[in-house]
Amino acid sequence: MATIAKKIHLGQLLLDMQLLSAEQLDSAIARQKSTGERLGQVLINMGLIEEEKILSLIAEQYKIPLVDIKNYALDPEAVFTLPEIYARRFRAIVLNKDKNGVLLGMADPQDVVAHDEISKILNCPINIALVRENDLLKVIDMIYRRTMEISSFAEELSAELTTSNDYDVSQLAVGLSVADAPVVKLLQSIFEDAVQVNASDVHIEPDEHFLRIRQRIDGILHEQIIKEKQVAQALALRLKLMAGLNIAEKRLPQDGRFSIKVRNKNYDIRLSTLPTQYGESVVMRLLNQASEILGVNKVGIPAQILQRLYKILSLPNGLLLVTGPTGSGKTTTLYGILSYLNNPERKIITVEDPVEYRISRINQVQVLAKIDLSFAKVLRSVLRQDPDVIMVGELRDQETASIALRAAMTGHFVLSTLHTNDAISCAIRLLDMGVEGFIVASVLRAVIAQRLVRRICQNCVETYTLTAQEKVWLHAVCKMPFNDITFKHGVGCSYCHNTGYKGQVGVFELLEINEQAADALRVNNTGEFGRLIREDKNFKPLIESTLVLVFDGTTTIKEAIRITGDSLDETDASDSETQLVNE
Numbered sequence: 062m063a064t065i066a067k068k069i070h071l072g073q074l075l076l077d078m079q080l081l082s083a084e085q086l087d088s089a090i091a092r093q094k095s096t097g098e099r100l101g102q103v104l105i106n107m108g109l110i111e112e113e114k115i116l117s118l119i120a121e122q123y124k125i126p127l128v129d130i131k132n133y134a135l136d137p138e139a140v141f142t143l144p145e146i147y148a149r150r151f152r153a154i155v156l157n158k159d160k161n162g163v164l165l166g167m168a169d170p171q172d173v174v175a176h177d178e179i180s181k182i183l184n185c186p187i188n189i190a191l192v193r194e195n196d197l198l199k200v201i202d203m204i205y206r207r208t209m210e211i212s213s214f215a216e217e218l219s220a221e222l223t224t225s226n227d228y229d230v231s232q233l234a235v236g237l238s239v240a241d242a243p244v245v246k247l248l249q250s251i252f253e254d255a256v257q258v259n260a261s262d263v264h265i266e267p268d269e270h271f272l273r274i275r276q277r278i279d280g281i282l283h284e285q286i287i288k289e290k291q292v293a294q295a296l297a298l299r300l301k302l303m304a305g306l307n308i309a310e311k312r313l314p315q316d317g318r319f320s321i322k323v324r325n326k327n328y329d330i331r332l333s334t335l336p337t338q339y340g341e342s343v344v345m346r347l348l349n350q351a352s353e354i355l356g357v358n359k360v361g362i363p364a365q366i367l368q369r370l371y372k373i374l375s376l377p378n379g380l381l382l383v384t385g386p387t388g389s390g391k392t393t394t395l396y397g398i399l400s401y402l403n404n405p406e407r408k409i410i411t412v413e414d415p416v417e418y419r420i421s422r423i424n425q426v427q428v429l430a431k432i433d434l435s436f437a438k439v440l441r442s443v444l445r446q447d448p449d450v451i452m453v454g455e456l457r458d459q460e461t462a463s464i465a466l467r468a469a470m471t472g473h474f475v476l477s478t479l480h481t482n483d484a485i486s487c488a489i490r491l492l493d494m495g496v497e498g499f500i501v502a503s504v505l506r507a508v509i510a511q512r513l514v515r516r517i518c519q520n521c522v523e524t525y526t527l528t529a530q531e532k533v534w535l536h537a538v539c540k541m542p543f544n545d546i547t548f549k550h551g552v553g554c555s556y557c558h559n560t561g562y563k564g565q566v567g568v569f570e571l572l573e574i575n576e577q578a579a580d581a582l583r584v585n586n587t588g589e590f591g592r593l594i595r596e597d598k599n600f601k602p603l604i605e606s607t608l609v610l611v612f613d614g615t616t617t618i619k620e621a622i623r624i625t626g627d628s629l630d631e632t633d634a635s636d637s638e639t640q641l642v643n644e
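First residue of the sequence shown? That's 62 in our numbering, and the numbers climb one at a time after it.
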């Protein structure tokens with residue numbers, strides 16, 4: 062094992078190299094005694110020296126390599142030779158393993174106790190490399206997933222279910238508090254893994270020969286296959302029990318919710334079951350109760366759209382719709398608007414299914430289909446509660462839409478959502494639902510359409526050369542020159558699960574109903590309505606907002622193509638590119 066021959070005295074070394082004064086060192090040592098941090102970290106926090114300089118000095122003194130772990134190609138099989146508990150305790154990770162031993166990355170190579178313990182665990186020659194501590198902790202979070210643990214608990218549960226041919230799976234409903242039951246441990250690992258990777262949804266889908274567990278991370282599903290397909294029924298039963306659903310009913314869809322605590326944070330879980338060919342499919346949405354509700358100015362709406370939106374929100378009555386597919390951030394935008402409108406002078410009532418976040422001073426009503434408490438029925442009662450602002454979770458049918466629009470006609474400001482592809486389709490959809498055109502024209506003030514696109518991971522971002530197909534597509538949709546623009550993408554790293562993306566950002570379009578557009582709606586002339594909106598100088602479609610983010614390096618051209626739903630025609634790409642060159 063590569064041991065550290067002697068312990069260097071960082072403070073004295075920095076003094077000798079005249080990188081630090083005696084007074085600065087004394088001040089740092091005094092702070093170190095009160096905080097308990099390592100001296101190097103204290104010096105960095107005080108701004109007395111750059112972290113890179115300290116790390117370079119330590120690596121040079123010990124004659125060990127300094128490794129940028131963010132961009133290091135880690136081998137998960139090698140990493141897992143050191144259990145997670147020791148990796149976190151000793152701030153260490155196995156970077157590489159071969160026949161000559163392992164390369165061990167450490168945040169503190171002077172930690173002799175860590176050397177000895179890890180040497181006993183790995184039982185092979187060790188060479189040490191220095192890594193940045195903050196980077197190390199992030200990588201540990203990313204790579205030490207619960208996938209192996211999930212597989213292990215699934216095997217344990219499968220073995221328990223198959224020990225007897227007449228085993229009654231309903232017995233899993235007994236003893237909900239038994240924490241060591243295999244199904245409980247399996248669910249705990251699934252939730253912990255989802256929280257660790259910041260997943261918004263967890264899908265549990267039984268297939269013919271296996272169980273598929275998928276997590277939606279930054280809007281994209283990531284899959285894990287469990288060979289023990291028989292555990293699907295046990296998972297579905299336990300989850301239905303936790304959500305207070307009918308565990309005997311497997312033929313009909315059911316919806317419920319429950320709360321859990323993961324990593325000292327409380328989460329609301331929205332659960333939906335659906336009977337499929339091979340068993341019940343379960344989808345869970347994770348809502349962090351501690352998450353702060355973002356103000357409308359913090360949800361990512363561009364400044365020019367935001368100023369126009371503020372004017373609309375100052376109106377005393379009318380209808381404002383937010384549209385987009387599931388998972389596009391509509392709820393976040395609506396709650397941001399509600400927070401902006403929420404003050405002692407306004408009475409705000411919401412009708413939701415379900416109530417996702419609780420907001421003080423706002424009266425929130427939960428729709429309950431079991432007792433026939435529908436959107437339409439609640440809305441009729443809400444109008445007798447003297448509200449100023451009404452938020453309807455979704456305009457799902459003609460009855461609900463008609464009541465909501467008539468409320469907007471009678472002096473109320475109404476907010477709601479509708480599922481359409483863009484803002485123009487939203488107004489047309491209301492007409493298709495059977496709402497009279499003159500009502501839509503008189504109350505509809507504006508429509509916000511939105512999508513979420515993935516951000517390029519800033520740790521592995523690189524310049525990118527467009528393919529022939531991408532150039533053709535961009536030329537077709539872009540109204541401005543792009544030849545001098547430097548495009549970017551992420552190549553993939555430990556921080557972003559090798560996807561090249563980290564986090565999401567919203568793209569928006571705001572449609573305001575002008576007098577000419579209202580006249581077209583009044584006579585149900587949808588073609589003229591669409592033409593007038595597209596010609597409005599204030600209207601910028603979603604694709605233009607997305608391209609702004611592509612051009613400034615926030616997202617990729619692939620994300621812009623993805624949200625438009627376009628497909629690249631490879632067969633015509635070469636001919637089209639030749640045409641572009643000739644032009």
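Note that CB positions come from ideal geometry on N, CA and C, so glycine has one too. These figures come from a predicted structure and were not determined experimentally.
key: Residue from Q368, Q427 and D449 whose Cα sits closest to the Cα of L571   = Q368
ask   = Near K158, what residues of its chain come up, given a Cβ to Cβ distance below 6 Å and the 5 sequence neighbours on each side ignored?
value = A139
request  = Pull up the distance between the alpha-carbon of T616 and that of F543, whole angstroms please.
outcome  = 15 Å
key: At least 3 beta-carbon pairs within less than 8 Å: the region 505-514 vs the region 407-419   = no
message = Judging by CA-CA distance, which residue of I251, D316 and G340 is the nearest neighbour of K290?
response = G340
ask   = Nearest to T76 by alpha carbon, out of I115, L582 and E269?
value = One detail in the question is off: residue 76 reads as Leu in this sequence, not Thr. For the residues I115, L582 and E269, the minimum Cα distance to L76 belongs to I115.
query = Hey, quick one: how far does the beta strand (DSSP E) through E645 stretch, first residue to last?
reply = No statement about residue 645 is possible, as the shown extent of the chain runs from 62 to 644 and does not include it.
message = Can you look up Y418 in the DSSP assignment and give me helix, strand or coil?
response = coil
request  = Output the boundary residues of the beta strand (DSSP E) element that contains R645.
outcome  = Because the chain here runs from 62 to 644, residue 645 falls outside it and cannot be looked at.
request  = Please report how far the alpha carbon of T337 lies from the alpha carbon of V344, in whole angstroms.
outcome  = 13 Å
ask   = Leaving out five residues before and five after N520 in sequence, what residues of the same chain have Cβ atoms less than 6 Å from its Cβ?
value = K131, C554 and Y556
task = Tell whether a beta-carbon distance below 7 Å holds between I125 and I189.
result = yes
Per DSSP, the bridge partner or partners of G166 = I154 and A190
query = Which residues in the same chain as T560 place their Cβ atom closer than 7 Å to its Cβ, once the five residues preceding and following it in sequence are excluded?
reply = G553
request  = Could you check what DSSP says for P137 in three-state terms: helix, strand or coil?
outcome  = helix
inquiry  = Taking the straight line between their C-alpha atoms, what separation do you get for Y228 and R277?
reply    = Residue placement at Y228 cannot be trusted, given a pLDDT of 35 that sits under 50; what the coordinates show is reported in the next sentence. Cα-Cα distance, rounded: 34 Å.
query = Given that a residue counts as buried once 16 or more other Cβ atoms are within 10 Å of its Cβ, and exposed if not, what is I286?
reply = exposed
ask   = Pick from S375, L332 and I485: whose alpha carbon is nearest that of R592?
value = I485
key: Classification of I618 by the beta-carbon crowding that lies within 10 angstroms, buried from 16 upward   = buried
key: Span of the beta strand (DSSP E) around N424   = N424 to Q427
query = Hey, out of F271, M203 and L527, whose CA is closest to V611's CA?
reply = L527
ask   = First and last residue of the beta strand (DSSP E) that includes L476?
value = F474 to L479
key: Selected residue, minimal CA-CA separation from Q102, among E194, M167, C185 and Q79   = E194
ask   = Between the C-alpha atoms of A351 and Y418, what's the straight-line distance to the nearest angstrom?
value = 10 Å
task = Look at V244 and R299 and say whether their C-beta atoms are less than 7 Å apart.
result = yes
inquiry  = For a test of the three-state rule: what should DSSP assign to F436, helix, strand or coil?
reply    = helix
query = Within this structure, are the beta carbons of S477 and L382 separated by less than 7 Å?
reply = yes
inquiry  = In this structure, how does DSSP classify I119 when only helix, strand and coil are distinguished?
reply    = helix
key: Pairwise C-alpha distance: R331 and E413   = 13 Å
key: Where G356 falls, given that 16 or more other Cβ within 10 Å makes a residue buried   = exposed
task = Could you spell out where the alpha helix (DSSP H) holding S320 opens and where it closes?
result = Note, S320: premise wrong, no alpha helix (DSSP H); beta strand (DSSP E) at Q315 to V323.
message = Buried or exposed for L164, going by 16 or more other Cβ atoms inside 10 Å?
response = buried
Closest by C-alpha distance to R422, when choosing among I604, V450 and I489 = V450
query = When DSSP labels each residue in this structure, what does M303 get in the three-state scheme?
reply = helix
ask   = What's the gap between the Cα of E573 and the Cα of V416?
value = 28 Å
request  = Give me the Cβ distance between K549 and I500, rounded to the nearest whole Å; I'm assuming they're in contact under 8 Å.
outcome  = In fact, because the Cβ distance is near 47 Å, the residues do not count as touching under 8 Å.
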